[in-house]
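Colleague:
In our numbering, the protein residues as written are 1 to 332.
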């Protein structure tokens, strides 16, 4: 019987594993992909805004420059897993979490296993993140091969007509990258201006590119149909429609955590904010023994929790688990 199972092996999930190791708790981490799979969704050549010390988990993060690159972060978190000898079950998809007396049963599947694997644990931590659940447009053509909810690099879009949906940091920075490699870029945003959260040093850049005509914008507009050769948008004020020639569409409209598994064990979720009911001091939910870590605690507002503050959740969780009185075996 494990002390805890962690669902999700991103940076915040790893932080739980490291805290468990330091506290002398037995722990297994599960992830449907590789360790820190969310970082694979980041643009290839990006650098983090945070300094390396803000991303550290247990051991120093040494980088060549002032800010870590994506590649350096991937290497670092692999080294963290190795250094602490974490039991990380990669490519294991957790299908079911169920209460079993005063403990839990976690059932996971792996493509190479003949059947599901089930383990028993006293506590479960959900650190599943949200990158695997993009906010879909819900329009015809969204599943075409020329449509993506992720951007990794600009090179494939050289001399291509690209529609970028969204007005936040991801959409703006992607539009700039595309512009620099020679793509024909059109931003479609349902508001009349870029989002207020756009980085202040990025905003002048995109504003100037729009003024120069190197990036086109359709304000107060929504995509209503996608085809292999064009995108149809509707202007919100008057309902008028426009067909924009496009080879590709990047829907960078954010992500929302999939809380299906969390709800299945009885965790209540505030419908307005998307925040699971929990104690911020311990990260324990309304279901005793079930915890959340990382961006799940921020609900729909993913800008509240990042690696640098989400990594603190592991210590809170393990401190709370260690503070609980020891369980007495039946008849003891």
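Where is the CB? At the ideal position from N, CA and C, for every residue including glycine.
Measuring only the C-alpha atoms, how far is residue 120 from residue 77?
Modeller: When rounded, the distance between both Cα atoms is 27 Å.
Colleague: I need the straight-line Cα distance from residue 343 to residue 160, nearest angstrom please.
Modeller: No information on residue 343 is available, as it lies outside the stretch 1 to 332 that the chain covers here.
Colleague: In the DSSP output, which residue or residues are listed as bridge partners for residue 30?
Modeller: DSSP lists 7 and 89 as partners of residue 30.
Colleague: Assign residue 19 to one of three DSSP states: helix, strand, or coil.
Modeller: Note: residue 19 maps to helix in three-state DSSP.
Colleague: Using the Cβ count rule (16 or more neighbours within 10 Å means buried), how would you classify residue 157?
Modeller: Residue 157 is buried by the Cβ-count criterion.
Colleague: On the DSSP letters alone, give me the boundaries of the alpha helix (DSSP H) that residue 75 sits inside.
Modeller: Unbroken alpha helix (DSSP H) run through residue 75: 70-83.
Colleague: On a CA-only basis, which of 199, 213, 88 and 45 is nearest residue 179? Give me that one, please.
Modeller: Comparing Cα positions, the closest option is 213.
Colleague: Candidates 240, 208 and 72: which alpha carbon is nearest residue 223's?
Modeller: When only C-alpha atoms are compared, the closest one is 240.
Colleague: Note down, in chain order, each residue of its chain lying with its Cβ closer than 7 Å to the Cβ of residue 174, except the 5 sequence neighbours on either side.
Modeller: So the list reads 151, 164, 250 and 252, once near-sequence residues are dropped.
Colleague: Residue 99 bridges to which residues according to DSSP?
Modeller: According to DSSP, which records beta bridges pairwise, residue 99 is partnered with 104.
Colleague: What three-state label does DSSP hand residue 120 in the structure shown?
Modeller: Strand, per DSSP.
Colleague: Measure the C-alpha to C-alpha separation of residue 176 and residue 202 and round it to an integer number of angstroms.
Modeller: So the alpha carbons of these two residues sit roughly 9 Å apart.
Colleague: Quick one: using the 10 Å Cβ neighbour count with 16 as the cut-off for buried, is residue 283 buried or exposed?
Modeller: With 16 or more other Cβ atoms within 10 Å, it is buried.
Colleague: By the DSSP assignment, the alpha helix (DSSP H) with residue 170 in it spans what residues?
Modeller: Element bounds for residue 170: 169-180.
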